Amino acid sequence: MKKFAKDFIVKDNVTLSSAYALLRLAPVDGILPEMQAGQFVQVEVKGSKTTYLRRPISVNFADYDDGLLWLLVRNAGDGTHAMIEMQVGEVVNIVLPLGHGFTSPSDKSESVLLTGGGVGVAPLLFFGKTLKDADFNVSFLLGAKSEKDLLELDEFRKYGEVFITTEDGSLGERGFVTMHSVLKQRHFSKIACCGPTPMMKAVAKYAKANDIDCEVSLENVMACGLGACLCCVEDTVDGNLCVCKEGPVFNIKRLKWQI
Amino acid sequence: MADLRVNIGALKLKNPVMTASGTFGYGEEFADLVNLDRLGGILVKGTTLNAREGNPYPRMVETPSGMLNAVGLQNHGVDYFISEIYPRIKDIDTNIIVNVSGASPDDYAEVCRRLLPLEHIPAVEINISCPNVKQGGMAFGVTCEGAASVVKAVRKVYDKTMIVKLSPNVTDIAAIARAAEDEGADAVSLTNTFLGMAINTETRRPYLSTITGGLSGACIRPIAVRMVWQVANAVKIPVIGLGGIMNGRDAVEFLLAGATAVQVGTANFIDPSVTEKIIDYIDDYLNRHNLNSVADIVGGML
């Protein structure tokens, strides 16, 4: 997929809670590049005294009807803080699309579970839409610390049934996603997961034990985003691979996780 | 349009702007974002005799106006480069220069011997300055004897342009540059990264798996400019300047300090097409100052 370095204008900046913002951006040239669910972008950071490199942010949604790129940003440090402070009308340069995204199952009868936690749910929205458009049966299993950390629930409900866990029990079932009752009640033939590493490892362990095809999206610290600097490598069965180029989505069979 | 051409030994560059090894892959990673044919040269990823897996993750941490890396020369080895990568990149209309590392002078020489027949590789850059591997680099670059031993071994087998990339982690970089010149190096490039370290104070662990790593980015530029100036005053061969060049102004600063050409590294991560902007800036700068060619500003500090 061809990559671009494009200027985008902030059309909308919605605070989802104290720690999260949804940025909707329009390419200045009006052409939103083709991209795949699970791919990410590298956003130039302006207005931070300490941030030097771009910030890798996964594609939350590509709205081709309105020509908007959605980025769900968690306030995780100075760089992302500067991003969520961006004002409507501000212009920012974005390199996109980067990496390899999620793969759709070959058989339309397959039931797909998209599960994630915290800001990790971001790429699952676009993947859910992609799958629904292709007539797959999609379910979302979203986990968070608390109700206030659950993001975009109304958006997710457009594309599939939504199951919820929170660690404090404020919404859905109490506990982690891997403890949700739906996993005992239904059979899923594919799982796509994005979230904190301990969560992804728990989901991968469940998938492996139940012989379910499973992809996870990694977020190793990276610099170039293009597969050039070799900083973000993950140890895989094929050696050290760049998460930014060969990933960020990997089938768990390729990872050397101890699960 | 000013004359942007410069020569590094027998090597002819259409302009003085090249990309630094390890920051630009093999060029092809940037092909969608940069017109590679416009570049003066591409220094491809450090290449060794045998494949190397590099260091464990984590290999990078951002620091004020820069970053530390500890990649550790991950590459598939010279034979893979020749059979798989070279055919894909050989027709880019620029100077493709291979950065070479090794664990012994014989290693370096053998890699260069294998690269010599490649028509579209007009030069090598001998890396005696990688701070991230125990052998394969800096061990040779921190003494005059070590530098001389590698340059001598390569010179015996390689008659195209040899650039020697110097480590800044030394007491007297000019002395190392002279040692390389005395053994027949055609040019020196400097600086490689500065040895640095950062600790996560919450976890009390180092950010890098190797504890220490190489510091690059704008934060090192004034030190690199100083070293380029010192070396340019100490040797007769051309000097290639690098270290924290973020824009055209910075590139001109290195030329004024005595560099004949420059390499751009970390800045490629922040703006993938920064090299093209730097080329345009230099052209504009020369026109603005009523100068005809890049040669008019090399070492042109008043």
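Chains as they are written, first to last, in this note's numbering: chain Y, 142 to 400; chain L, 804 to 1105. Quick reminder that beta carbons are idealized off the backbone N, C-alpha and C, glycines included. Predicted, not measured: the structure shown is a model, and the values here were computed from it.
Check for me: the alpha helix (DSSP H) holding residue i runs from which residue to which?
i                       : result
residue 197 of chain Y  : Where residue 197 of chain Y is concerned, there is no enclosing alpha helix (DSSP H), although the beta strand (DSSP E) it sits in stretches over 196 to 204.
residue 980 of chain L  : 976 to 985
residue 224 of chain Y  : 219 to 225
residue 856 of chain L  : Careful: residue 856 of chain L lies outside any alpha helix (DSSP H) and carries neither H nor E.
residue 369 of chain Y  : It is not in any alpha helix (DSSP H) - residue 369 of chain Y carries neither H nor E in the DSSP assignment.
residue 1056 of chain L : 1051 to 1060
Kindly indicate which three-state DSSP category residue i falls into: helix, strand or coil?
i                       : result
residue 348 of chain Y  : helix
residue 877 of chain L  : coil
residue 377 of chain Y  : strand
residue 1076 of chain L : coil
residue 265 of chain Y  : helix
residue 849 of chain L  : strand
residue 1010 of chain L : coil
residue 886 of chain L  : helix
residue 183 of chain Y  : strand
residue 242 of chain Y  : coil
residue 335 of chain Y  : strand
residue 1100 of chain L : coil
residue 949 of chain L  : helix
residue 292 of chain Y  : coil
residue 1071 of chain L : helix
residue 191 of chain Y  : coil
residue 829 of chain L  : coil
residue 397 of chain Y  : coil
residue 327 of chain Y  : coil
residue 298 of chain Y  : helix
Check the Cβ of residue i against every Cβ in chain Y and list those closer than 9 Å, keeping chain order.
i                      : result
residue 877 of chain L : 371, 374, 380 and 381
residue 865 of chain L : 191, 192, 193, 194, 220, 362 and 364
residue 874 of chain L : 370, 371, 372 and 374
So is residue i buried or exposed if we call it buried at 16+ other beta carbons inside 10 Å?
i                       : result
residue 1105 of chain L : exposed
residue 290 of chain Y  : buried
residue 918 of chain L  : buried
residue 205 of chain Y  : exposed
residue 390 of chain Y  : buried
residue 399 of chain Y  : exposed
residue 380 of chain Y  : exposed
residue 1053 of chain L : buried
residue 867 of chain L  : exposed
residue 1031 of chain L : buried
residue 190 of chain Y  : exposed
residue 298 of chain Y  : exposed
Starting from the beta carbon of residue i, find every residue of chain Y whose beta carbon is closer than 8 Å, and list them in chain order.
i                      : result
residue 835 of chain L : 143, 144 and 145
residue 826 of chain L : 365, 369 and 370
residue 870 of chain L : 193, 194 and 364
residue 857 of chain L : 371, 374 and 381
Going by DSSP, what residue range makes up the beta strand (DSSP E) through residue i?
i                       : result
residue 1031 of chain L : Per DSSP, residue 1031 of chain L belongs to no beta strand (DSSP E); it is in the alpha helix (DSSP H), 1024 to 1035.
residue 917 of chain L  : Not the beta strand (DSSP E): residue 917 of chain L falls in the alpha helix (DSSP H), residues 908 to 918.
residue 1066 of chain L : 1064 to 1067
residue 302 of chain Y  : 302 to 307
residue 927 of chain L  : 926 to 930
residue 391 of chain Y  : 390 to 392
residue 258 of chain Y  : 252 to 258
residue 152 of chain Y  : 145 to 158
So residue i contacts chain Y; which residues on that side make the cut at Cβ distance below 7 Å?
i                      : result
residue 832 of chain L : 367, 368 and 369
Any chance the CB of residue i is under 7 Å from a heavy atom of the ligand ADP?
i                       : result
residue 1000 of chain L : The ligand ADP is not part of the structure shown, which contains no ligands of any sort.
Item to check | Residues of the stretch 1008 to 1024 of chain L with Cβ closer than 8 Å to any Cβ of chain Y, in chain order | outcome: 1020 and 1021
Item to check | Within 9 Å of chain L by C-beta, residues of the stretch 212 to 240 of chain Y in sequence order | outcome: 220, 234 and 236
Checklist entry - Which residues, taken in chain order from the stretch 1072 to 1083 of chain L, show a beta carbon closer than 9 Å to some beta carbon of chain Y? => result 1072, 1073, 1074, 1075 and 1076
Next on the checklist: Tell me which residues of the stretch 882 to 899 of chain L have at least one Cβ-Cβ distance to chain Y shorter than 8 Å, keeping chain order.
Outcome noted: none
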